[in-house]
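Colleague:
In this note's numbering, the protein residues as written are 1 to 578.
1. Going by other Cβ atoms of all chains shown within 10 Å of its Cβ, with 16 needed for buried, is residue 274 buried or exposed?
2. Between the Cα of residue 379 and the Cα atoms of 102, 224 and 412, which residue gives the shortest distance?
3. Give the secondary structure of residue 578 by DSSP, where H, G and I count as helix, E and B as strand, and everything else as coil.
4. With 16 as the cutoff for other CB atoms within 10 Å, does residue 181 come out buried or exposed?
5. Could you round the C-beta distance between residue 449 and residue 286 to whole angstroms and report it? I think they count as a contact, below 8 angstroms.
6. Considering Cα atoms alone, identify which of 228, 306 and 368 is closest to residue 544.
7. Within a Cβ cutoff of 6 angstroms, which residues of the same chain sit near residue 375, ignoring the five residues on either side of it in sequence?
8. Would you report the Cα separation of residue 581 and residue 300, rounded to the nearest angstrom?
9. Distance check for residue 138 and residue 99, CA to CA, integer angstroms please.
10. With burial defined as no fewer than 16 other Cβ atoms inside 10 Å of the residue's Cβ, what is the status of residue 206: buried or exposed?
11. What's the C-alpha gap between residue 391 and residue 103?
12. Cutting at 7 angstroms between CB atoms, please list the residues of its own chain near residue 246, excluding the five before and the five after it.
13. Could you tell me whether the Cβ atoms of residue 342 and residue 218 are closer together than 9 angstroms?
14. Taking the beta strand (DSSP E) that residue 116 belongs to, which residues open and close that run?
15. Quick one: measure Cβ to Cβ for residue 154 and residue 176, integer angstroms, because I've assumed they're closer than 8 angstroms.
16. Are at least three pairs of beta-carbons, each pair with one atom in the region 304-318 and one in the region 252-261, less than 8 angstroms apart?
17. Please confirm whether residue 62 and residue 160 have their CB atoms less than 9 angstroms apart.
18. Just checking my contact of residue 533 with residue 520 at CB under 8 angstroms: how many whole Å lie between their CB atoms?
19. Who are the Cβ neighbours of residue 565 in its own chain at under 6 angstroms, not counting the five residues just before and after it?
20. Helix, strand or coil, according to DSSP, for residue 330 in the structure here?
21. Short check: CB of residue 97 to CB of residue 45, under 9 angstroms?
22. Taking a contact to mean a Cβ-Cβ separation below 9 angstroms, would you say residue 333 touches residue 317 in this structure?
23. Helix, strand or coil, according to DSSP, for residue 368 in the structure here?
24. Quick one: grab the DSSP three-state call for residue 320.
25. If I'm right that residue 562 touches residue 553 with Cβ under 8 angstroms, what's the distance once you round it to whole angstroms?
26. Identify every residue that forms a DSSP beta bridge with residue 530.
27. Return the bridge partner residues of residue 188 from the DSSP annotation.
28. Which residues does DSSP list as the beta-bridge partners of residue 408?
29. In the DSSP assignment, the alpha helix (DSSP H) including residue 485 goes from what residue to what residue?
30. Does the Cβ of residue 345 have 16 or more other Cβ atoms within 10 Å, making it buried, or fewer, making it exposed?
31. Runs of 4 residues minimum, wholly inside the region 228-292: which ones carry the alpha helix (DSSP H) assignment?
32. Output the distance between the C-alpha atoms of residue 237 and residue 244, rounded to the nearest integer angstrom.
33. By how many angstroms is the C-alpha of residue 523 removed from the C-alpha of residue 257?
34. Can you give me the start and stop residues for the beta strand (DSSP E) that residue 492 sits inside?
35. State the DSSP-derived secondary structure class of residue 173, mapped to helix, strand or coil.
36. Once the 5 residues before and after residue 167 are set aside, which same chain residues still bring their CB inside 8 angstroms of it?
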């Protein structure tokens with residue numbers, strides 16, 4: 001738990017920066033005038049970050065701000081959102097110093113701008129510096145006072161930032177409610193914070209604010225997962241429906257699927273209300289967001305709800321045991337189960353109207369569809385927009401929110417132009433060209449899954465799943481080989497288990513990392529390491545209608561497995577989890 005930060009002091013600090021915008025921009029422009037500086041200086045992001053910070057915090061008459069400078073970052077990290085350090089990769093919120101270094105690299109390889117060009121880019125970096133702090137400040141609205149009032153303060157500062165931005169420079173974000181998913185976009189080693197924030201949003205903010213935050217989160221998460229899907233399918237040269245690709249993406253995205261549940265349920269509820277009230281405009285906007293959210297795996301989200309639960313479960317967050325080995329759902333786990341139940345009920349009720357509305361979002365050649373936007377994490381979109389602003393005559397009328405709404409040829413040109421930079425190799429530009437065929441394929445998968453769902457609902461049919469049969473007594477004898485769970489689904493760092501051919505080897509560090517990411521149905525320590533059952537079994541065995549036995553699980557682990565997928569696991573002694 002992070003200590004409260006002085007929210008009002010940070011708001012006043014940002015207002016001070018805005019009031020002295022011209023002075024700060026002048027300082028940043030001087031820093032950008034680095035053509036004659038050594039190359040090492042221009043690529044030293046840590047040094048550039050320090051100098052950029054001084055452009056703001058070293059202003060005369062600003063008062064004592066030493067504590068405020070790092071306070072928001074430290075509070076964010078303490079809340080579970082410290083970005084994972086990955087060598088050779090930038091995994092953080094948008095960093096203006098990083099983008100300064102990248103602009104220097106581009107100018108080195110092309111042409112350095114004159115004073116006017118540097119002033120323009122200084123405004124861009126000014127905006128990014130404040131936007132980053134606004135993201136972090138938005139995450140502190142629950143520290144004290146009224147969260148709704150504090151969110152309104154963040155929006156007021158953002159409005160002022162937009163108002164003072166020159167017309168030829170990008171604004172980036174208009175709506176403060178979109179700052180929450182941006183603030184949570186980098187990968188982290190801890191996952192609990194995402195669910196804490198989701199619950200706070202649900203319990204403390206107004207219905208409209210909740211809905212817009214959920215909409216932003218669903219659309220950004222959908223875009224992130226679609227981009228990941230295209231990257232892996234292109235890399236492996238397989239179709240989006242390739243069986244191995246489906247298993248990989250379902251297994252590796254427990255956090256994304258679970259957090260999508262947090263946001264899809266409120267959107268579905270609002271969609272149903274809008275349809276009943278005849279509010280066509282609101283209904284279409286919500287349908288658009290919902291379709292984007294389910295787009296990475298529409299078959300799972302619409303037709304395999306029996307498998308959706310296990311894939312969205314995260315063992316170490318949702319289940320806990322006491323000193324006597326009795327296992328139960330945590331409060332976080334119980335809330336997640338309630339959301340899953342609500343999702344199943346809602347998607348059954350709205351599938352038909354959603355199917356009717358879906359046709360509105362069909363990608364059309366020559367226009368823009370959000371199904372074709374490509375990025376790693378949502379903060380990368382800001383980076384693309386910012387680096388493009390280092391060139392003259394950049395389109396600036398669109399903001400982040402616009403990337404998730406279809407548009408005409410001008411919006412297509414805006415998105416397509418992000419990576420068309422003079423220093424980027426042609427093969428890289430081609431790799432990230434707006435992928436019209438991919439957008440169309442994504443839409444067709446949604447449309448096909450919705451039609452299947454509607455037909456299944458009308459026929460009242462259900463898919464027959466296999467069962468994972470688990471003797472609750474770990475000393476039970478082995479079942480016949482043909483019905484045993486293949487060892488390829490059991491990973492272990494215990495050399496004795498591997499030698500006995502009861503598991504395949506897995507490095508313990510990697511196994512524990514995968515456990516943290518929610519990639520297993522169950523995991524437990526053994527006398528000589530760890531053992532885990534991978535979620536690949538859900539689609540490849542149980543989802544295919546095949547039963548399988550798994551033996552020698554400790555009693556506690558057997559009951560954890562039952563809680564992880566209650567409808568797919570059978571304990572042979574019929575003992576209910578404690």
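C-beta: ideal position from N, C-alpha, C; glycine also. From a predicted model like this one, the values you see are computed outputs, not experimental measurements.
Modeller: Answer, in terms of the structure:
1. buried
2. 224
3. The predicted model places residue 578 with a pLDDT of 36, which falls under 50 and marks its position as unreliable; any figure quoted below should be read in that light. Note: residue 578 maps to coil in three-state DSSP.
4. buried
5. Their Cβ separation, rounded to whole angstroms, is 18 angstroms, which puts residue 449 and residue 286 out of contact at 8 angstroms.
6. 306
7. 227 and 381
8. Because the chain spans 1 through 578 in this model, residue 581 falls outside it and cannot be assessed.
9. 23 angstroms
10. exposed
11. 9 angstroms
12. 539
13. no
14. Segment 115-138 is the alpha helix (DSSP H) holding residue 116; no beta strand (DSSP E) there.
15. 5 angstroms
16. yes
17. no
18. 6 angstroms
19. 310
20. coil
21. yes
22. yes
23. strand
24. strand
25. At roughly 10 angstroms, the Cβ-Cβ gap does not stay under 8 angstroms, so residue 562 and residue 553 are not in contact.
26. 525
27. 83
28. In DSSP, residue 408 forms no bridge with anything.
29. Here residue 485 belongs to no alpha helix (DSSP H), and DSSP marks it neither H nor E.
30. exposed
31. 243-252 and 254-277
32. 12 angstroms
33. 20 angstroms
34. 490-492
35. coil
36. 396
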